[in-house]
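Here the structure is laid out as structure tokens; the discussion comes afterwards.
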Amino acid sequence: MVTDHHGVGPDTLFEVKYSTGDKVWFPYHQVSCLEALSQYLEALGVPGITHLPKKISTPSTTIPVSTIDQFSAARQSVFGIVDRMVNNFASVSRLSRLQ
Numbered sequence: 000m001v002t003d004h005h006g007v008g009p010d011t012l013f014e015v016k017y018s019t020g021d022k023v024w025f026p027y028h029q030v031s032c033l034e035a036l037s038q039y040l041e042a043l044g045v046p047g048i049t050h051l052p053k054k055i056s057t058p059s060t061t062i063p064v065s066t067i068d069q070f071s072a073a074r075q076s077v078f079g080i081v082d083r084m085v086n087n088f089a090s091v092s093r094l095s096r097l098q
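Quick look at the structure:
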């Protein structure tokens with residue numbers, strides 16, 4: 000869900016709130032294809048990014064500005080950890096059956 004914006008036009012940052020309650024600011028080019036952005040613009044009554052009124056929000060210092068690349072790297076790291084855990088569990092299970 001897009002809940003706020005900061006700036007104007009294609010240089011705008013958008014606050015995205017996840018179902019977990021986490022909030023992250025993303026640049027327009029990384030949220031431009033999200034249905035949530037279309038809904039946000041529609042709720043403001045503007046037909047597109049070029050008509051979005053300039054808004055100066057004060058992003059909280061606790062809300063990170065991120066990029067999709069950072070999420071991708073974090074996702075790969077988490078899946079790598081899970082894969083190692085599954086492999087370790089499988090090894091332990093085989094050993095316990097041999098005993």
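Position 58 of the sequence shown, counting from 1, maps to 57 under numbering that gives the first Met the number 0, and the rest follow consecutively.
No residue lacks a Cβ here, since even glycine has one placed at the ideal position from N, Cα and C.
Specify the secondary structure class of residue i as computed by DSSP and reduced to three states.
i         : result
proline 9 : helix
valine 45 : coil
Return the CA-CA distance between residue i and residue j, expressed in angstroms with no decimal places.
i            : j            : result
valine 1     : histidine 50 : 17 angstroms
glutamine 29 : threonine 19 : 20 angstroms
leucine 43   : glutamate 34 : 14 angstroms
Closer than 6 angstroms by C-beta to residue i: which residues in its own chain qualify, once you throw out the five before and the five after it? Chain order, please.
i           : result
valine 16   : The question names valine, but residue 16 is lysine in the sequence shown. Within the same chain, lysine 16 has close Cβ partners Met0, Thr2, Lys22.
histidine 4 : Thr11, Phe13, Lys54
lysine 36   : Looking at the sequence shown, residue 36 is not lysine but leucine. Closer than 6 angstroms at the Cβ level, and outside the excluded window around leucine 36, lie Val1, Val30.
What first and last residue would you give for the alpha helix (DSSP H) that runs through residue i?
i           : result
tyrosine 17 : Where tyrosine 17 is concerned, there is no enclosing alpha helix (DSSP H), given that its DSSP letter is neither H nor E.
I need the boundaries of the beta strand (DSSP E) containing residue i, first residue and last residue.
i          : result
proline 26 : 22-26
Enumerate in chain order the residues of its own chain whose CB-to-CB distance from residue i is below 8 angstroms, with the five nearest sequence positions on each side excluded.
i         : result
serine 31 : Ile48
Ignore the nearest five residues each way along the sequence and tell me which others in residue i's own chain have a CB closer than 7 angstroms to its CB.
i           : result
tyrosine 39 : Val1
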